[in-house]
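Participant: From first to last, the protein sequence lines are chains A and B. Position one of the first sequence corresponds to residue 951 (the numbering used here), numbered consecutively onward. Position one of the second sequence corresponds to residue 951 (the numbering used here), numbered consecutively onward. Ideal Cβ positions, reconstructed from N, Cα and C, are used throughout, including at glycine. Here the structure is a predicted model, which means the values were calculated and not measured. Handing you a structure now.
Protein chains: 2
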Amino acid sequence: MKKLYLKDIAKNLNVSKTAVSLVLNNKGDENKISKETQERIIAYVKKYNYVPNQLARGLSRGKSETIGLIIPNISDTFYAQIAGFVEARAMEMGYTVVFSSSYEKPEKESKLIQSMLNRQVDGLIISSTQKNEKDILRLQENDFPFVLIDRHYPNLDTNYVIVDNFGGIYHATKHLLDLGRKKIGFVTIKSDLDAMQQRLLGYIKALDDHGVEQDGRFVSELDQKTYVTDMAEMIRAITTPEKRVDALLFSTHYLAREGLRALNELNIQIPDEVAIASFSEMSAFDLVNPPITAVIQPVQKIGDLAVDILVDEMKGDHMIKTKDKRIVLDTNFKIRKSCGA
Amino acid sequence: MKKLYLKDIAKNLNVSKTAVSLVLNNKGDENKISKETQERIIAYVKKYNYVPNQLARGLSRGKSETIGLIIPNISDTFYAQIAGFVEARAMEMGYTVVFSSSYEKPEKESKLIQSMLNRQVDGLIISSTQKNEKDILRLQENDFPFVLIDRHYPNLDTNYVIVDNFGGIYHATKHLLDLGRKKIGFVTIKSDLDAMQQRLLGYIKALDDHGVEQDGRFVSELDQKTYVTDMAEMIRAITTPEKRVDALLFSTHYLAREGLRALNELNIQIPDEVAIASFSEMSAFDLVNPPITAVIQPVQKIGDLAVDILVDEMKGDHMIKTKDKRIVLDTNFKIRKSCGA
DNA sequence: TCATTTAACTAAACCGGTTTAGTTATTGTT
DNA sequence: AACAATAACTAAACCGGTTTAGTTAAATGA
């Protein structure tokens, strides 16, 4: 079973490569290939199950029908889910997805973008480290189609699909306040990410709006690399009688996971002694002890919209910007036992 | 900033495309390009940051430096983790990964394989639906490099990296028996997958070896599509006084998750009334109530080895089979509270 | 009836690299 | 001095498609 090429088909049917190529690309009619010839070609192709070499096709058409997906970490449930939806939607649209994890390293992200461009992806979906303005700017200057997801550059004028981080946390904070919690701690990751800043700001704004004074506030920023080990100590520190919090809000699902673990180990009763809630969740938050109240991100929408916008951008006339391409999605709020509602 | 091509470099340096190409591919010396010319070329390329078009490169060399990964579902933590390790390892080796989820549909899997072949991937890593012998056989007949992971075809002579499903469950079952549990139920998915069969067999063998009679056994096979809703009813049925089990072993992590949920809802005390354990885990199994004892799969090893074997296969002289390319990895057993140890 | 369209098709250039098969000038050998 | 060997390089073919710019023969128009 040796491989069948366009020229073989042409030879065997006594037509030109051109004819075969045109017919296979649905350009037979407009190029006046007769109905019979078209049928002969299609029949032959079907019979011998011919499929064109995508590299050759891509090379000559200047596009690869491939989109690149760059995310911080495919092993993280949040990104894995997004990847799943991106891939499914892309496939519907006829695109293949190549992906890579940047592990939050700007240099890695930069290399990945370069490498994907070499591989002639037609467009990029990037959840950026947000420390790589240089590459993002370059993409934009070159009118290369791309969409940022989950994280965007607030001072750059790009397409993006993000969630309302501020609003999500504001809602969660308000909920805790409404339940009578007065001393709400906010546990987050040391990070310049705008998304993280917004979550912090949402927390602060909610406290301000409810007139909570300085001593009712406690913000703890853990290091991305050491948060697992730091968590227990931090929790111990803020649950001492002097500066005891009565609620903790975690800015990410993995912080909530470790926070819960630490609280359980210290035998602190949730929600009685300390109520907790999390921004973003993972698949077992409804099964942990106690189930964790969480701000839910619309992962499917993020994935679907990112692809839709990108596809539009890739085909579209670059002059006509039809769709709105800056999207801030609302979050949901899932109340469970951990917040004591 | 318009794109720089090989021919531009050649023109600007007054050398041939050949010279540039050879030097960039580290074939300068063997082709007797003088040291100075080599340096000139390298300096120029570095200065202007030239990188070759991978489609053109792939087309002319007949390889794309890309590997395809086909898994049941990228959103599943298990496969997401494997994908992460596969991608990382592949990148180390200079390969890009394209992936797609088959959602357990053989036809989808078949299409994906075809599509990836069209895209000229150099090799495939497949976690097959195991209902697609036809395509796997064809790959093999054509000497196309591929490695099966997680699931293999027992009657086909292919490369694979799987885990010892039988042994893993045997160990877990024995552990429950040793803890004095006499009526152990086995909850699994209706499936022809050999992996699933092996898990069932491991359970049976362990019972046999310990002389557990027929009424100490209970196997429940749930439907892949409806297990979430069926679980509660099933659990209720086997916890009636007449045929009450004192332990439940779940053949997958998602079954364990739903089983735990159902048991909690029915207010059945774990492990006092019913002990539970799971084959494979998810990231919060140590935080759920109670933490779940689980057979742990070596995800990193699966990913790493799959890539190693595939790369070997892709470069390697097909005549010389150096490495062992059928690998059955041992599982670990993580004891937590749910089994009552 | 002769010029013009049109229908049906194709040769050849092209995409941007790699590779084969040379070429030319210099050095080495006898 | 004559010839082979070698160093340093390049023209052109090639990968497998797409696309442009034609060609040819029949149909139409004035």
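Taking P1240(B) as the reference, which of I1185(B), P1221(B), M1232(B), V1249(B) has the closest Cα?
Facilitator: In the second sequence, counting from the first residue as 1, residue 1240(B) sits at position 290. Taking only the C-alpha atoms, the option nearest P1240(B) is P1221(B).
Participant: Given a cut-off of 7 Å, decide if E1171(B) and H1203(B) are closer than it, judged by their beta-carbon atoms.
Facilitator: For the purposes of this step, residue 1203(B) is taken as residue 253 along the second sequence, with counting starting at 1. For the purposes of this step, residue 1171(B) is taken as residue 221 along the second sequence, with counting starting at 1. Not closer than 7 Å, so no.
Participant: Since I believe I1226(A) is in contact with L1205(A) (beta carbons under 8 Å), could you give me their beta-carbon distance rounded to a whole number of angstroms?
Facilitator: Within the first sequence, the letter at position 255 stands for residue 1205(A). Within the first sequence, the letter at position 276 stands for residue 1226(A). 10 Å between Cβ atoms; not a contact.
Participant: Starting from V1111(B), trace the beta strand (DSSP E) in both directions and tell me its first and last residue.
Facilitator: On the second sequence, position 161 is the one that residue 1111(B) refers to. Segment 1110–1113, the beta strand (DSSP E) holding V1111(B).
Participant: If you check the beta carbons only, do A1256(B) and V1097(B) fall under 7 Å apart?
Facilitator: Walking along the second sequence from the start, residue 1256(B) turns up at place 306. Walking along the second sequence from the start, residue 1097(B) turns up at place 147. Yes, the pair counts as a contact, with Cβ atoms nearer than the cut-off.
Participant: If we ignore side chains and look at the alpha-carbon of each, how far apart do R1194(A) and I1188(A) end up?
Facilitator: Within the first sequence, residue 1194(A) is the residue found at index 244, counting from 1. Within the first sequence, residue 1188(A) is the residue found at index 238, counting from 1. Spanning the two alpha carbons is a distance of roughly 5 Å.
Participant: Just the C-alpha distance for R1025(B) and I1246(A), rounded to the nearest angstrom, thanks.
Facilitator: Within the second sequence, residue 1025(B) is the residue found at index 75, counting from 1. Within the first sequence, residue 1246(A) is the residue found at index 296, counting from 1. The question names Arg, but residue 1025(B) in the sequence shown is Ser. Between S1025(B) and I1246(A), the C-alpha separation is close to 16 Å.
Participant: Taking C-beta pairs closer than 9 Å, name the residues in chain B that L1087(A) reaches, listed in chain order.
Facilitator: Along the first sequence, one-based indexing puts residue 1087(A) at 137. Chain-ordered listing is empty here: chain B has no CB closer than 9 Å to the CB of L1087(A), the nearest sitting near 12 Å.
Participant: Just checking: is the beta-carbon of Q1080(B) within a distance shorter than 7 Å of some beta-carbon in chain A?
Facilitator: Indexing the second sequence from 1 puts residue 1080(B) at position 130. For Q1080(B), the closest Cβ of chain A is not nearer than 7 Å.
Participant: Consult DSSP for E1171(A) and reduce its assignment to one of helix, strand or coil.
Facilitator: Here residue 1171(A) is taken as the residue at index 221 of the first sequence, counted from 1. Collapsing the DSSP output to three states places E1171(A) in a strand.
Participant: Could you pull out every residue in the same chain whose Cβ sits closer than 8 Å to the Cβ of Y1103(B), ignoring the five residues on either side in sequence?
Facilitator: Along the second sequence, one-based indexing puts residue 1103(B) at 153. The residues are S1078, Q1080, E1083, I1086, D1144.
Participant: How many angstroms separate the CA atom of R1276(B) from the CA atom of K1140(A)?
Facilitator: Your numbering for residue 1276(B) matches position 326 in the second sequence. Your numbering for residue 1140(A) matches position 190 in the first sequence. Each residue's alpha carbon lies about 45 Å from the other.
Participant: So with CB distances below 8 Å, who are the chain B contacts of L1237(A)?
Facilitator: Sequence index remark: in the first sequence, residue 1237(A) carries index 287 (1-based). Those within 8 Å of L1237(A) in chain B are R1207, L1210, R1211, N1214, A1234, V1238, N1239.
Participant: Which same chain residues end up closer than 7 Å to D1173(A) when comparing Cβ atoms and leaving out the 5 residues on each side of it in sequence?
Facilitator: In the first sequence, residue 1173(A) corresponds to position 223, counting from 1. Same-chain partners within the cutoff: K1140, D1180.
Participant: Between G1166(A) and chain B, is any beta-carbon pair separated by less than 7 Å?
Facilitator: Along the first sequence, read from residue 1 onward, the residue named residue 1166(A) stands at position 216. Closer than 7 Å: no.
Participant: Below 8 Å on C-beta distance, what does Q1031(B) contact in chain A?
Facilitator: Taking the second sequence and counting its residues from 1, the one referred to as residue 1031(B) is at position 81. Going along chain A in sequence order, the residues near Q1031(B) (Cβ under 8 Å) are S1025.
Participant: Just list the residues that DSSP pairs R1276(A) with in beta bridges.
Facilitator: Residue mapping note: residue 1276(A) aligns to position 326 of the first sequence, counting from 1. Answer is Y1110(A), bridged to R1276(A).
Participant: Is any beta-carbon of chain A found at less than 7 Å from that of Q1070(B)?
Facilitator: Reading the second sequence from its first residue, position 120 is the one you call residue 1070(B). The Cβ of Q1070(B) sits closer than 7 Å to at least one Cβ of chain A.
Participant: Could you spell out where the beta strand (DSSP E) holding G1135(B) opens and where it closes?
Facilitator: As a first step, residue 1135(B) must be located in the second sequence, where it is residue number 185. It spans 1134–1139 - the beta strand (DSSP E) in which G1135(B) sits, taken as one unbroken run.
Participant: Chain B partners of N1003(A), CB-CB under 8 Å?
Facilitator: Here the question's residue 1003(A) lines up with position 53 in the first sequence. Simply L1009, N1068, Q1070.
Participant: Hey, could you find the ends of the beta strand (DSSP E) S1050(A) is sitting in?
Facilitator: Mapped onto the first sequence, residue 1050(A) falls at position 100. Looking at the DSSP string, the run of the beta strand (DSSP E) that includes S1050(A) is 1046–1051.
Participant: In the DSSP assignment, the beta strand (DSSP E) including A1244(A) goes from what residue to what residue?
Facilitator: Indexing the first sequence from 1 puts residue 1244(A) at position 294. Unbroken beta strand (DSSP E) run through A1244(A): 1243–1246.
Participant: For V1097(B), write down the residues that DSSP places opposite it in a beta bridge.
Facilitator: Along the second sequence, read from residue 1 onward, the residue named residue 1097(B) stands at position 147. Bridge partners of V1097(B): I1075(B).
Participant: For Y998(A), which option in R990(A), K1287(A), L1005(A) has the closest C-alpha, if you only look at C-alpha atoms?
Facilitator: Taking the first residue of the first sequence as 1, we reach residue 998(A) at position 48. Cα-wise, what sits closest to Y998(A) is R990(A).
Participant: Taking 8 Å as the limit between beta carbons, can you name the residues of its chain near I1270(A), skipping five residues before and five after?
Facilitator: For the purposes of this step, residue 1270(A) is taken as the residue at position 320 of the first sequence. With a pLDDT of 49 at I1270(A), under the threshold of 50, the modelled position of this residue cannot be trusted, and the question is left open.
Participant: So, at 7 Å on beta carbons, what are the nonlocal neighbours of S1288(A) in its own chain, with the 5 sequence-adjacent residues on each side left out?
Facilitator: Start at 1 with the first residue of the first sequence, and residue 1288(A) comes out as number 338. If we look at S1288(A) and ignore the five residues flanking it on each side, its Cβ neighbours are I1220, P1221, A1225, I1226, A1227, P1240, P1241, I1242, T1243.
Participant: DSSP three-state label for A1227(B), please.
Facilitator: The residue you call residue 1227(B) lines up with position 277 of the second sequence. In this structure, A1227(B) counts as strand in the three-state DSSP scheme.
Participant: Per DSSP, what kind of secondary structure is K1193(A) in: helix, strand or coil?
Facilitator: For the purposes of this step, residue 1193(A) is taken as residue 243 along the first sequence, with counting starting at 1. Coil at K1193(A), not helix or strand.
Participant: Where does G1044(B) land, buried or exposed, given buried means 16+ other C-beta within 10 angstroms?
Facilitator: In the second sequence, residue 1044(B) corresponds to position 94, counting from 1. Exposed, by the Cβ-count rule.
Participant: Run down chain B in chain order and give the residues with a C-beta less than 8 Å from the C-beta of T1202(A).
Facilitator: As a first step, residue 1202(A) must be located in the first sequence, where it is residue number 252. Within chain B, no residue comes near T1202(A); the closest Cβ sits about 13 Å away, beyond 8 Å.
Participant: Does DSSP put T1123(B) in a helix, in a strand, or in coil?
Facilitator: Within the second sequence, residue 1123(B) is the residue found at index 173, counting from 1. Helix at T1123(B).
Participant: For P1248(B), which residues of its own chain have a beta-carbon under 6 Å away from its beta-carbon, when the five flanking residues on both sides are left out?
Facilitator: What you label residue 1248(B) is simply residue 298 of the second sequence in a count that begins at 1. Result list for P1248(B): L1279, in chain order.
Participant: Do we get a CB-CB distance below 7 Å when we pair I1270(A) with the residues of chain B?
Facilitator: Numbered from 1 along the first sequence, position 320 holds the residue referred to as residue 1270(A). Since pLDDT at I1270(A) reaches only 49, below the 50 mark, its modelled position is unreliable, and no value is offered.
Participant: Give me, in chain order, the residues of the same chain whose beta-carbon lies closer than 8 Å to that of P1095(A); leave out the 5 immediate sequence neighbours on both sides.
Facilitator: For the purposes of this step, residue 1095(A) is identified with residue 145 of the first sequence, where counting begins at 1. Around P1095(A): D1072, G1073, L1074, L1260, E1263, M1264.
Participant: Output the distance between the C-alpha atoms of A969(B) and N1092(A), rounded to the nearest integer angstrom.
Facilitator: Within the second sequence, the letter at position 19 stands for residue 969(B). Within the first sequence, the letter at position 142 stands for residue 1092(A). Taking the straight line from one Cα to the other gives about 30 Å.
Participant: Report the CB separation of V1047(A) from L1019(A) in whole angstroms; it is logged as a contact under 8 Å.
Facilitator: Numbered from 1 along the first sequence, position 97 holds the residue referred to as residue 1047(A). Numbered from 1 along the first sequence, position 69 holds the residue referred to as residue 1019(A). That belief holds up - the Cβ atoms of V1047(A) and L1019(A) are roughly 5 Å apart, short of 8 Å.
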